[in-house]
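Engineer: When the letters of the sequence shown are read in order and numbered with this note's numbering, they come out as residues -7 to 230.
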Amino acid sequence: MRRASSLGIVAVAAVLAVGGCQAQSGEDPQTSATAETTDAPAATDASTGASSTAAADSADFEQVVTEDLAAAVAVIQGWWPDFVAPELRTIPLGETFGGVMTGCGRYPFTSGNAFYCAGDNTVYLDLNFLAGQDRYGKENGAALAITTHELGHAWEAQRGYRPDESETVVKTELFADCISGAIVAEMGGNEEAAARDAFASGDFAFDNPQHHGTPSQRRQATETGIEQGHEACDAYLR
(Lines of atoms letter the chains of each structure in order from A and count residues from 1; the text may use other names and numbers.)
(Lines give C-alpha, C1' and ligand atoms only; values in the text may rest on other atoms or scores of the structure.)
Protein backbone atom coordinates (compact mmCIF):
# COMPACT_ATOMS: atom_id res chain seq x y z
CA MET A 1 0.00 0.00 0.00
CA ARG A 2 2.19 2.78 -1.31
CA ARG A 3 -0.19 5.67 -0.51
CA ALA A 4 0.59 7.70 -3.61
CA SER A 5 4.15 8.24 -4.68
CA SER A 6 4.55 11.41 -2.67
CA LEU A 7 6.12 9.78 0.40
CA GLY A 8 9.87 10.03 0.03
CA ILE A 9 12.48 11.37 2.35
CA VAL A 10 16.07 12.42 2.85
CA ALA A 11 17.77 12.67 6.15
CA VAL A 12 21.09 13.98 7.26
CA ALA A 13 21.72 12.97 10.77
CA ALA A 14 18.34 11.77 11.72
CA VAL A 15 16.85 8.86 13.60
CA LEU A 16 13.24 7.89 12.97
CA ALA A 17 11.58 7.79 16.37
CA VAL A 18 8.11 6.33 15.97
CA GLY A 19 5.90 7.31 18.89
CA GLY A 20 3.14 4.97 19.98
CA CYS A 21 0.81 7.79 20.87
CA GLN A 22 -2.48 9.26 19.87
CA ALA A 23 -3.05 10.86 16.51
CA GLN A 24 -3.87 14.54 16.25
CA SER A 25 -7.54 13.86 16.76
CA GLY A 26 -6.85 12.41 20.20
CA GLU A 27 -7.82 8.95 19.03
CA ASP A 28 -5.28 6.19 18.70
CA PRO A 29 -6.07 4.43 15.40
CA GLN A 30 -4.74 1.09 16.61
CA THR A 31 -6.60 1.32 19.93
CA SER A 32 -9.89 2.12 18.25
CA ALA A 33 -9.44 -0.74 15.79
CA THR A 34 -8.80 -3.14 18.67
CA ALA A 35 -11.85 -1.90 20.55
CA GLU A 36 -14.08 -2.41 17.53
CA THR A 37 -12.85 -5.95 17.13
CA THR A 38 -13.36 -6.65 20.84
CA ASP A 39 -16.95 -5.38 20.78
CA ALA A 40 -17.84 -7.47 17.75
CA PRO A 41 -19.40 -10.94 18.05
CA ALA A 42 -16.84 -13.51 19.07
CA ALA A 43 -14.22 -14.46 16.48
CA THR A 44 -16.08 -14.26 13.24
CA ASP A 45 -14.14 -14.39 10.02
CA ALA A 46 -15.23 -10.83 9.25
CA SER A 47 -13.91 -9.36 12.51
CA THR A 48 -10.66 -11.26 12.20
CA GLY A 49 -10.30 -10.06 8.65
CA ALA A 50 -10.92 -6.43 9.61
CA SER A 51 -8.38 -6.64 12.41
CA SER A 52 -5.81 -8.25 10.14
CA THR A 53 -6.38 -5.63 7.48
CA ALA A 54 -5.92 -2.78 9.97
CA ALA A 55 -2.73 -4.34 11.28
CA ALA A 56 -1.43 -4.86 7.76
CA ASP A 57 -2.23 -1.27 6.80
CA SER A 58 -0.40 0.01 9.87
CA ALA A 59 2.62 -2.15 9.12
CA ASP A 60 2.61 -1.06 5.48
CA PHE A 61 2.50 2.61 6.45
CA GLU A 62 5.35 2.19 8.93
CA GLN A 63 7.43 0.39 6.31
CA VAL A 64 6.77 3.12 3.73
CA VAL A 65 7.80 5.88 6.14
CA THR A 66 10.92 4.02 7.24
CA GLU A 67 12.01 3.17 3.70
CA ASP A 68 11.33 6.66 2.43
CA LEU A 69 13.22 8.26 5.30
CA ALA A 70 16.21 6.06 4.51
CA ALA A 71 15.99 7.08 0.85
CA ALA A 72 15.70 10.71 1.83
CA VAL A 73 18.91 10.49 3.80
CA ALA A 74 20.75 9.87 0.57
CA VAL A 75 19.59 13.12 -1.00
CA ILE A 76 20.73 15.49 1.74
CA GLN A 77 23.92 13.52 2.26
CA GLY A 78 24.67 14.14 -1.39
CA TRP A 79 24.47 17.88 -0.67
CA TRP A 80 26.60 17.99 2.48
CA PRO A 81 30.14 17.78 1.03
CA ASP A 82 29.60 21.01 -0.90
CA PHE A 83 28.49 23.01 2.11
CA VAL A 84 29.60 21.40 5.34
CA ALA A 85 32.64 19.68 6.80
CA PRO A 86 32.67 16.05 5.65
CA GLU A 87 32.60 14.69 9.21
CA LEU A 88 28.83 15.04 9.41
CA ARG A 89 27.50 12.76 12.11
CA THR A 90 24.88 10.36 10.79
CA ILE A 91 22.63 8.59 13.26
CA PRO A 92 21.25 5.16 12.26
CA LEU A 93 17.53 4.83 11.71
CA GLY A 94 15.65 3.43 14.66
CA GLU A 95 12.27 3.26 16.36
CA THR A 96 10.94 4.32 19.75
CA PHE A 97 7.46 3.54 21.03
CA GLY A 98 5.83 5.63 23.73
CA GLY A 99 7.71 8.40 25.48
CA VAL A 100 11.38 8.88 24.75
CA MET A 101 14.23 10.71 26.45
CA THR A 102 15.88 13.02 23.94
CA GLY A 103 18.86 15.32 24.09
CA CYS A 104 16.31 18.09 24.59
CA GLY A 105 14.51 16.41 27.49
CA ARG A 106 11.73 13.84 27.67
CA TYR A 107 9.32 13.91 24.76
CA PRO A 108 6.09 12.11 25.68
CA PHE A 109 4.51 11.91 22.22
CA THR A 110 1.15 12.74 23.76
CA SER A 111 -0.02 15.42 21.36
CA GLY A 112 1.34 14.23 18.03
CA ASN A 113 4.21 16.16 16.56
CA ALA A 114 7.59 16.05 14.88
CA PHE A 115 10.68 17.96 15.90
CA TYR A 116 14.43 18.23 15.47
CA CYS A 117 16.54 18.12 18.64
CA ALA A 118 19.92 19.77 18.26
CA GLY A 119 20.98 18.23 21.58
CA ASP A 120 21.30 14.78 20.04
CA ASN A 121 21.10 15.73 16.36
CA THR A 122 17.95 13.72 15.85
CA VAL A 123 14.61 14.15 14.12
CA TYR A 124 11.76 12.63 16.15
CA LEU A 125 8.52 11.63 14.45
CA ASP A 126 5.22 10.28 15.72
CA LEU A 127 4.01 7.68 13.24
CA ASN A 128 0.38 7.93 14.35
CA PHE A 129 0.56 11.69 13.89
CA LEU A 130 1.82 11.24 10.34
CA ALA A 131 -0.75 8.58 9.51
CA GLY A 132 -3.55 10.79 10.84
CA GLN A 133 -2.78 13.77 8.62
CA ASP A 134 -5.02 12.50 5.83
CA ARG A 135 -8.03 13.08 8.09
CA TYR A 136 -7.32 16.78 8.27
CA GLY A 137 -7.12 17.66 4.61
CA LYS A 138 -3.44 16.83 4.25
CA GLU A 139 -2.23 14.99 1.19
CA ASN A 140 -0.74 11.50 1.29
CA GLY A 141 2.67 13.16 1.19
CA ALA A 142 2.26 14.73 4.64
CA ALA A 143 4.87 12.40 6.10
CA LEU A 144 7.35 13.56 3.49
CA ALA A 145 6.59 17.25 3.97
CA ILE A 146 6.74 17.11 7.76
CA THR A 147 9.90 15.03 7.93
CA THR A 148 11.85 16.98 5.35
CA HIS A 149 10.85 20.23 7.07
CA GLU A 150 12.49 18.97 10.26
CA LEU A 151 15.52 17.93 8.25
CA GLY A 152 15.74 21.54 7.14
CA HIS A 153 16.12 22.51 10.80
CA ALA A 154 18.78 19.81 11.18
CA TRP A 155 20.67 21.35 8.30
CA GLU A 156 20.47 24.79 9.92
CA ALA A 157 21.98 23.43 13.12
CA GLN A 158 24.69 21.38 11.41
CA ARG A 159 25.80 24.46 9.51
CA GLY A 160 26.05 26.43 12.73
CA TYR A 161 23.16 28.83 12.10
CA ARG A 162 21.75 30.29 15.30
CA PRO A 163 19.06 32.99 15.11
CA ASP A 164 19.50 36.12 17.21
CA GLU A 165 17.27 36.40 20.26
CA SER A 166 15.56 39.36 18.63
CA GLU A 167 14.59 37.31 15.58
CA THR A 168 11.34 35.44 15.18
CA VAL A 169 11.28 31.82 14.09
CA VAL A 170 9.79 32.74 10.71
CA LYS A 171 13.17 32.86 8.96
CA THR A 172 14.18 29.40 10.12
CA GLU A 173 10.73 27.97 9.41
CA LEU A 174 10.67 29.29 5.86
CA PHE A 175 14.21 27.99 5.30
CA ALA A 176 13.02 24.56 6.45
CA ASP A 177 10.02 24.78 4.12
CA CYS A 178 12.34 25.65 1.24
CA ILE A 179 14.63 22.70 1.99
CA SER A 180 11.57 20.47 2.19
CA GLY A 181 10.50 21.58 -1.28
CA ALA A 182 13.98 20.97 -2.68
CA ILE A 183 14.05 17.46 -1.25
CA VAL A 184 10.57 16.66 -2.55
CA ALA A 185 11.62 17.74 -6.04
CA GLU A 186 14.85 15.75 -6.00
CA MET A 187 13.04 12.69 -4.65
CA GLY A 188 10.47 12.91 -7.43
CA GLY A 189 7.71 13.41 -4.86
CA ASN A 190 4.33 15.08 -5.22
CA GLU A 191 5.32 18.73 -5.64
CA GLU A 192 1.76 20.07 -5.83
CA ALA A 193 0.83 18.26 -2.63
CA ALA A 194 3.91 19.64 -0.89
CA ALA A 195 2.94 23.20 -1.84
CA ARG A 196 -0.66 22.67 -0.71
CA ASP A 197 0.47 21.18 2.60
CA ALA A 198 2.76 24.14 3.21
CA PHE A 199 -0.10 26.57 2.52
CA ALA A 200 -2.38 24.66 4.90
CA SER A 201 0.28 24.87 7.64
CA GLY A 202 0.52 28.67 7.59
CA ASP A 203 -0.89 30.91 10.30
CA PHE A 204 -1.61 34.56 11.03
CA ALA A 205 -0.62 34.55 14.71
CA PHE A 206 1.74 37.49 14.30
CA ASP A 207 1.87 38.18 18.05
CA ASN A 208 2.91 34.61 18.81
CA PRO A 209 6.70 34.11 19.07
CA GLN A 210 6.15 30.73 17.41
CA HIS A 211 4.44 32.23 14.36
CA HIS A 212 5.80 30.12 11.47
CA GLY A 213 4.74 32.24 8.52
CA THR A 214 1.54 32.99 6.62
CA PRO A 215 0.02 30.42 4.25
CA SER A 216 1.33 32.33 1.24
CA GLN A 217 4.83 32.67 2.71
CA ARG A 218 5.08 28.98 3.47
CA ARG A 219 3.82 27.92 0.07
CA GLN A 220 6.21 30.34 -1.65
CA ALA A 221 9.19 29.05 0.34
CA THR A 222 8.32 25.47 -0.55
CA GLU A 223 7.90 26.36 -4.22
CA THR A 224 11.26 28.16 -4.17
CA GLY A 225 12.94 24.95 -3.06
CA ILE A 226 11.05 22.93 -5.65
CA GLU A 227 11.83 25.27 -8.54
CA GLN A 228 15.31 26.55 -7.65
CA GLY A 229 16.83 23.83 -5.47
CA HIS A 230 18.43 23.95 -2.04
CA GLU A 231 20.96 26.60 -3.07
CA ALA A 232 18.17 29.20 -3.12
CA CYS A 233 17.09 28.49 0.45
CA ASP A 234 19.88 30.42 2.16
CA ALA A 235 18.12 33.64 1.18
CA TYR A 236 15.59 32.97 3.94
CA LEU A 237 18.28 33.12 6.63
CA ARG A 238 19.67 36.52 5.62
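Glycine is no exception: its CB is placed at the ideal position from the N, C-alpha and C atoms.
(1) What does the alpha-carbon distance come out to for the pair Arg98 and Asn182?
(2) Taking the alpha-carbon of Gly70 as reference, which of Phe167, Leu166 and Ile175 has the nearest alpha-carbon?
(3) Indicate whether Ala146 and Tyr108 have their beta-carbon atoms separated by less than 7 Å.
(4) Name the residue from Asn200, Arg230, Cys170 and Asp195 whose alpha carbon lies nearest to the alpha carbon of Gln212.
(5) Closer than 8 Å by C-beta to Gly194: which residues in its own chain qualify, once you throw out the five before and the five after it? Chain order, please.
(6) Give every residue of the same chain whose Cβ lies closer than 8 Å to the Cβ of Pro155, excluding the five residues on either side of it in the sequence, and list them in chain order.
(7) Taking 7 Å as the threshold (C-beta atoms), are Glu219 and Thr67 in contact?
(8) Taking DSSP as the reference, what is the three-state secondary structure of Phe107?
(9) Do Gly144 and Phe167 have their C-beta atoms closer together than 7 Å?
(10) Within 10 Å of its beta-carbon, does Asp189 have 16 or more other beta-carbons around it, so buried, or fewer, so exposed?
(11) Can you name the residues that DSSP bridges to Phe98?
(12) Bridge partners for Val162 per DSSP, in chain order?
(13) Measuring only the C-alpha atoms, how far is Ala186 from Thr216?
(14) Quick check: His141 and Ser172, are their CB atoms within less than 7 Å of each other?
(15) What are the start and end residues of the beta strand (DSSP E) that includes Thr216?
(16) Are the Cβ atoms of Asp118 and Thr94 separated by less than 7 Å?
(17) Look at the alpha carbon of Tyr228 and the alpha carbon of Glu184, and state the distance between them as a whole number of angstroms.
Structural biologist: Answer, in terms of the structure:
(1) On the sequence shown, residue 98 is found 106 positions in, with the first residue counted as 1. On the sequence shown, residue 182 is found 190 positions in, with the first residue counted as 1. Rounded to whole angstroms, Arg98 to Asn182 spans 34 Å at the Cα level.
(2) Along the sequence shown, one-based indexing puts residue 70 at 78. Scanning Phe167, Leu166 and Ile175 for the CA closest to the CA of Gly70 turns up Ile175.
(3) As a working note, residue 146 is residue 154 in the sequence shown. As a working note, residue 108 is residue 116 in the sequence shown. Yes.
(4) Start at 1 with the first residue of the sequence shown, and residue 212 comes out as number 220. Ranking the options by Cα distance to Gln212, first place goes to Cys170.
(5) Residue numbering aside, residue 194 sits at position 202 when the sequence shown is read from its first letter. Answer for Gly194: His204, Gly205, Thr206, Pro207, Ser208, Gln209, Arg210 and Arg211, listed in chain order.
(6) Here residue 155 is taken as the residue at index 163 of the sequence shown, counted from 1. Answer for Pro155: Val161, Lys163 and Thr164, listed in chain order.
(7) Walking along the sequence shown from the start, residue 67 turns up at place 75. Walking along the sequence shown from the start, residue 219 turns up at place 227. This sequence places Val at residue 67; Thr is not what is there. Note that the C-beta distance between Val67 and Glu219 is not below 7 Å.
(8) One-based indexing of the sequence shown puts residue 107 at position 115. Of the three classes helix, strand and coil, the one that applies to Phe107 here is strand, per DSSP.
(9) Looking up residue 144 in the sequence shown gives position 152. Looking up residue 167 in the sequence shown gives position 175. Taking 7 Å as the Cβ cut-off, Gly144 and Phe167 qualify as a contacting pair.
(10) Counting from 1 along the sequence shown, the entry for residue 189 is found at position 197. Result: buried.
(11) Translated into positions along the sequence shown, residue 98 becomes position 106. In the sequence as presented, Phe is not what sits at residue 98; that position holds Arg. The partner list for Arg98 (beta bridge, DSSP) reads Met93.
(12) The residue you call residue 162 lines up with position 170 of the sequence shown. Answer by DSSP bridge pairing: none, since Val162 is not bridged.
(13) Locating residue 186 in the sequence shown gives position 194, counting from the first residue. Locating residue 216 in the sequence shown gives position 224, counting from the first residue. Looking at the two C-alpha atoms, the distance is approximately 12 Å.
(14) Here the question's residue 141 lines up with position 149 in the sequence shown. Here the question's residue 172 lines up with position 180 in the sequence shown. In this structure, Ser172 lies closer than 7 Å to His141 by Cβ.
(15) As a position in the sequence shown, residue 216 is number 224, starting the count at 1. Premise fails: Thr216 lies in the alpha helix (DSSP H), Pro207 to Gln220, not in any beta strand (DSSP E).
(16) The sequence position of residue 118 within the sequence shown is 126, counting from 1. The sequence position of residue 94 within the sequence shown is 102, counting from 1. Going by C-beta atoms, Asp118 is not nearer than 7 Å to Thr94.
(17) As a first step, residue 228 is located in the sequence shown; it is residue number 236 there, counting from the start. As a first step, residue 184 is located in the sequence shown; it is residue number 192 there, counting from the start. The alpha-carbon atoms of Tyr228 and Glu184 are separated by roughly 21 Å.
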